[in-house]
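Trainee: Residue numbers (the working numbering): -3 to 90.
Here a beta-carbon is modelled for each residue, glycine too, at the ideal position from N, C-alpha and C.
#1: Check for me: the alpha helix (DSSP H) holding residue 68 runs from which residue to which?
#2: Starting from residue 46 and walking both ways along the alpha helix (DSSP H), at which residues does that stretch end?
#3: Pick helix, strand or coil for residue 27, following the three-state DSSP scheme.
#4: Rounded to whole angstroms, what is the Cα-Cα separation between residue 57 and residue 48?
#5: Among 28, 66, 46, whose alpha-carbon lies nearest the alpha-carbon of residue 8?
#6: Using the Cα positions of residue 17 and residue 33, report the straight-line distance between them to the nearest angstrom.
#7: For residue 14, name the three-state secondary structure that DSSP assigns.
#8: In this structure, does DSSP put residue 90 in helix, strand or coil?
This is how it looks when you write it as structure tokens:
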């Protein structure tokens, strides 16, 4: 993670997704003056979380590319995802 200060430009770039960045810019541009800091803080936190998740993903990829298990405890969510998909299909949504 960079130690550079968070700016509107940096938040937009850190969000990664152009649609999400556009949503951020729309919110910051429409915010009344007394809400600017809270809107900025909300999106800065989202950008920081995104940066942290990408950093963690890069670490996992590095371990796996070397044929090693990433450190930590990992839960296999395949069954849980399958159960949710089955419930959605049962309701006729898929």
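Mentor: If we stick to the structure as given:
#1: Segment: none, residue 68 is in no alpha helix (DSSP H) and carries neither H nor E.
#2: 32 to 61
#3: coil
#4: 14 angstroms
#5: 46
#6: 17 angstroms
#7: helix
#8: Residue confidence for residue 90 is low, a pLDDT of 48 falling below 50, so the modelled location carries little weight; the figure read from the coordinates is stated next. It is coil, neither helix nor strand.
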